[in-house]
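Data first, discussion second: the structure below is written as structure tokens.
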Amino acid sequence: MVTLAELEEFLGGRLLRGDPATTVSGVAPLQRATPAELAFVADKKYVPRLKDARAGCVLLREAWADDCPVPVLAVDDPYLAYARASRLFEDSPAAPGIHPSAVVDSSVRVPETVQIGAHAVIEAGVELGEGVVIGPGCFIGARVSIGTGTRLMPNVTLYHDVSLGERCRVHASTVIGADGFGFARRPDGWERIAQLGRVLVGDDVDIGASVTIDRGALDDTVIENDVIIDDQVHVAHNCRIGARSALAGCVGIAGSVTVGADCTLAGQVGVSGHLEICDNAHIAGQARVTRSVVAPGGYSSGTPLEPTRQWARNAVRFTQLEALQRRVVELEEALATVQAADESSDSRSE
Amino acid sequence: MVTLAELEEFLGGRLLRGDPATTVSGVAPLQRATPAELAFVADKKYVPRLKDARAGCVLLREAWADDCPVPVLAVDDPYLAYARASRLFEDSPAAPGIHPSAVVDSSVRVPETVQIGAHAVIEAGVELGEGVVIGPGCFIGARVSIGTGTRLMPNVTLYHDVSLGERCRVHASTVIGADGFGFARRPDGWERIAQLGRVLVGDDVDIGASVTIDRGALDDTVIENDVIIDDQVHVAHNCRIGARSALAGCVGIAGSVTVGADCTLAGQVGVSGHLEICDNAHIAGQARVTRSVVAPGGYSSGTPLEPTRQWARNAVRFTQLEALQRRVVELEEALATVQAADESSDSRSE
Amino acid sequence: MVTLAELEEFLGGRLLRGDPATTVSGVAPLQRATPAELAFVADKKYVPRLKDARAGCVLLREAWADDCPVPVLAVDDPYLAYARASRLFEDSPAAPGIHPSAVVDSSVRVPETVQIGAHAVIEAGVELGEGVVIGPGCFIGARVSIGTGTRLMPNVTLYHDVSLGERCRVHASTVIGADGFGFARRPDGWERIAQLGRVLVGDDVDIGASVTIDRGALDDTVIENDVIIDDQVHVAHNCRIGARSALAGCVGIAGSVTVGADCTLAGQVGVSGHLEICDNAHIAGQARVTRSVVAPGGYSSGTPLEPTRQWARNAVRFTQLEALQRRVVELEEALATVQAADESSDSRSE
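For the protein sequence lines, the chains are A, B and C, in the order given. Take 1 as the starting number for the first sequence in our numbering and just add one per residue. Take 351 as the starting number for the second sequence in our numbering and just add one per residue. Take 701 as the starting number for the third sequence in our numbering and just add one per residue.
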């Protein structure tokens, strides 16, 4: 429960209407928010809906306040204010302490503010910052370093020598530091290359569930500060993901790729190995990146969804495109011949 | 071991030939089924193979019975009958009981018919129906509800407040209820939006291994009854998947997507955020869905597989398609001019 | 720490320069390798960089030795030699023994050379070869067989009756033997088909993190010897992956597919069900395989990455390709008419 006065102070906005002592206990979409809940309007197009609002308070821009029949907290960026306010209503992790079933190597110093869940395993030489939370069933390999305030959800695996910065979050079943996919060909099979690098994750990095980030072969795999990574993403060995970049669900990045700062890779984007993607590149969903991207902006590949029968005809024509192009060239040449003949015949007939 | 008489009663078919007391102890493909095994023929094209059958009994349509030299159990839908019969020969989970290494919060009432595996963790306020099976290493967050007869395989993670219906199955390493990928942009990074919704899964839902289904931001993510989901699928926050729809391996669905009832999304299909897919839509493998689908039927995107050298030429031409189109338009115009000139010259020469 | 003499003997090369008693304690890229580290040059184009080398020893071809100012170990295949040498500097698993928190069924014979990690669960009838390592949190189902020297990283799940050969490695959170995605349609939903086959994995198979390999429906899913599989790959039921084939990250293979020997499927390749891919086929990243591949060689599909604005115009034209083709045919016919008319008019005018 939070009072509107507390919200005003926390968000740095201005309470235009409503009793500062009123409390809200959650957030809800504008249409169904009750007087006990906070709502928000972040886009002008939803302002007309304000007239039916019943929320205990609405976060919005001051210019829209007159359209709102219920208490208003005016802020510059209502969506950002909603994001910050939402965190007040989130489940907090359990109290600090080490669950008796956890297996923690005797070499590990565990600050009193740390919480280690049931059946977690922490190997020798691990360093844990203040307020770290290790979920149940996590495995933390030897010499891993986890910064202050970082939280691992259940069943996360961190291989040896991985380093996570401060205030990171890693969701369930994610694996950081598994071997990169490195093999040398032998006549009779594959010779595995030991992956001797590490994974270095910066501060304020958010990593989804079932993500895999592989350790480097010789150098390290690096995730810079403020990167956000959605579920089921794969980052291969020796990649570097630049600050504030966002990798959406199911993105796959092959080895030794550098992604710049402030990039977005939408869902299922695939990037081939050894490429560079410059800062501020925005790659659309399912795009196939097989060359470096050297200029900022939006990029796409693929073809639009069509009814299968119609698609099948066009798809066959795609496989004949080179031939079609040649036919157009031949047409252009033949037509030019006809035109030339016509002109000469015209001039003859004049 | 099941007798043919028991099979006849269980499947509701008609034993046309064979001793009702004969037993079978498994199912096998027609060609290698021994007299101790059950086989089936579901498609007319395999009827000619019946003459070599050695199975203890064959499930088939009554019309095909005369072609079968071994005992026959005639049924209306042999494939469905095989599906039902196959379950008689499956490994059953171990006996009910709570493994001593499991960590179960004292607030949780565990029915006597429930089985909780080794090293499972069950947090406060969890509700478990009769006959629930929680595999070893599972994590069940606070206030989760699991319906009668639902079974979780090992190392599944259910975050707090997730609800699973009755008779569901969830395979290993799957994560339900992790945070949706929701962030507001700040000038210097991302502000995480707390994901305050839940995941609600209906009855008879089958979920594969390494699947991720994220909790909603404000509203809930909903999986309706009888949905089937293959391995490695990702369902983002606030999606709704309609009854009886099937999501094949590696499908990725972005946030706030509604998939109708009786849809099939084949392997690796990707769906962009905030779209609606109507009932009875069938999306082909790897298709790229970036607009809502408003009519039932089959949909596809992409290009066919080609030898790389040939593909590369066609792919370059794809990037010149707009230019090629313009050249065709110019050709049409130029030809029309020639035709007009020819006609006028013809009329002049007449 | 390894001496150059030991390296020479282990790799079968020839130490051309340097004190055999010199030791190296790691491997590093040529440019930053210190005198305490080993480096390598596998490609002629990097030979000019040798002049600045400070490494304790460089693996290279004898022909390049004169360009190298530091000790040289000459080998036939420097990349393969690097692969083999890299393994000398890898973390080795902990000492053999069964962690007291592991739950091992009393029927299981555990050789003294085996290591079983904390919170691992081993069910009845499991067979473990010499030197097997089971990571913390792994689940090993009933009657699983694991060959000599095979190593499972943390939180791996092997379902009942799975068989792994010798010297395999399986990375964290991987699931082998979950149910294949098999259902028969009922009017009101889906009837699950029990998956009664197994997964059989050969020798020297390397499997990445968060991989899923499903058990067969009636027959077995088979991974042959020396196959290498990257993270997040999905192999569905009843597939067979041929010897020495490589599946890169996020590949998805539908049911009953046969991949031949010595194939490579690059990242995010998708293969539809019931296809056959012949030996020595090499499928480019994100390709969409919907027909069997019957000839060795390289294959691709998809379209190149383009700036989104440009792509959007071309993509629309793709959906009109059949119409464009028709327009070209019509142009050809119209032009032929004009040409015929011109010729007849020419002949008339002569």
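C-beta atoms are modelled at their ideal positions from N, C-alpha and C, and glycine is treated no differently.
Under 8 Å, with one C-beta from each stretch per pair, do the segment 492–512 of chain B and the segment 469–476 of chain B reach the 3-pair mark?
yes
Alpha helix (DSSP H) containing residue 58/A: first to last residue?
From DSSP, residue 58/A is part of no alpha helix (DSSP H) but of the beta strand (DSSP E) over 57–60.
I'd like to know whether the C-beta of residue 29/A is nearer than 8 Å to at least one C-beta of chain B.
It does: the Cβ of residue 29/A has a partner Cβ on chain B nearer than 8 Å.
CB-CB under 6 Å to residue 259/A, same chain, minus the five flanking residues each way: which ones, in chain order?
241, 242, 245, 277
Whole-angstrom distance between residue 288/A and residue 41/A, CA atom to CA atom:
36 Å
Give the DSSP-derived three-state secondary structure of residue 1008/C in the structure shown.
helix
At 4 residues or longer, and completely inside the segment 702–744 of chain C: list those alpha helix (DSSP H) runs for me, N to C.
704–711
Could you tell me whether the segment 16–33 of chain A touches the segment 45–58 of chain A, using the rule of 3 or more Cβ pairs below 8 Å?
The segment 16–33 of chain A, when compared against the segment 45–58 of chain A, does touch it at the 8 Å Cβ threshold.
In chain order, what residues of the same chain have a beta carbon less than 7 Å from the beta carbon of residue 774/C, not counting five sequence neighbours either side?
713, 714, 716, 760, 761, 762, 765
Per DSSP, residue 982/C forms a beta bridge with which residues?
964/C, 998/C
Who pairs with residue 115/A in a beta bridge, going by DSSP?
The partner list for residue 115/A (beta bridge, DSSP) reads 97/A, 133/A.
Could you tell me which chain A residues have their CB closer than 9 Å to the CB of residue 906/C, listed as they occur along the chain?
179, 181, 183, 190, 192
Three-state secondary structure (DSSP) at residue 152/A?
strand
So if I threshold CB-CB distances at 9 Å, which residues from the segment 914–932 of chain C count as touching chain B?
Near chain B, meaning a CB-to-CB distance below 9 Å, the residues of the segment 914–932 of chain C are 914, 917, 918, 919, 932.
Note the first and the last residue of the continuous beta strand (DSSP E) segment covering residue 423/B.
422–424
Can you pull the chain C neighbours of residue 678/B, defined as C-beta to C-beta under 9 Å?
1024, 1027, 1028, 1031
Starting from residue 200/A and walking both ways along the beta strand (DSSP E), at which residues does that stretch end?
199–201
Can the beta-carbon of residue 528/B be found less than 8 Å from the beta-carbon of residue 94/A?
Taking 8 Å as the cut-off, the beta carbon of residue 528/B is found no closer than this to the beta carbon of residue 94/A.
One question on the structure: do residue 342/A and residue 691/B come within less than 8 Å of each other, judged by their Cβ atoms?
yes
Going by DSSP, which residues form a beta bridge with residue 970/C?
952/C, 988/C
With DSSP run on the structure shown, which of helix, strand or coil describes residue 1032/C?
helix
Of all the residues that make up the segment 811–829 of chain C, which are near chain B by a beta-carbon distance shorter than 7 Å?
Along the segment 811–829 of chain C, going in chain order, the ones with a CB nearer than 7 Å to a CB of chain B are 819, 821.
Return yes when the Cβ of residue 975/C is within less than 8 Å of the Cβ of residue 992/C, no when it is not.
Cβ atoms of residue 992/C and residue 975/C: closer than 8 Å.
Using C-beta distances below 6 Å, list every residue in its chain close to residue 279/A, excluding the 5 sequence neighbours before and after it, in chain order.
260, 261, 262
Residue 598/B and residue 881/C - do their beta-carbons sit closer together than 8 Å?
Yes.
Ignoring anything shorter than 3 residues, give me the beta strand (DSSP E) runs that lie fully in the segment 909–951 of chain C, in order along the chain.
912–914, 921–923
In DSSP terms, what residue 906/C is bridged to:
Answer is 869/C, 928/C.
Whole angstroms are fine: how far does the CA of residue 550/B sit from the CA of residue 573/B?
Across the structure, residue 573/B and residue 550/B are spaced so that their CA atoms are roughly 6 Å apart.
Does the pairing of the segment 444–460 of chain B with the segment 913–927 of chain C give three or more beta-carbon distances under 8 Å?
Segments in contact, no.
Tell me which same chain residues have a C-beta within less than 6 Å of the C-beta of residue 653/B, skipping the five on either side of it?
Non-local C-beta neighbours of residue 653/B in its own chain, meaning closer than 6 Å and more than five positions away in sequence, are absent.
Taking residue 657/B as the reference, which of 930/C, 1005/C, 999/C, 1032/C has the closest Cα?
Nearest option by C-alpha distance: 999/C.
Going by C-alpha to C-alpha distance, which of 513/B, 676/B, 671/B, 632/B sits closest to residue 309/A?
That would be 632/B, whose Cα lies nearest to the Cα of residue 309/A.
Output yes if chain A places a C-beta closer than 8 Å to the C-beta of residue 980/C; else output no.
no
Express the C-alpha separation of residue 669/B and residue 321/A in angstroms, rounding to a whole number.
11 Å
Determine whether the beta carbon atoms of residue 285/A and residue 620/B lie at a separation below 8 Å.
yes
Chain A partners of residue 654/B, CB-CB under 8 Å?
315, 316, 318, 319
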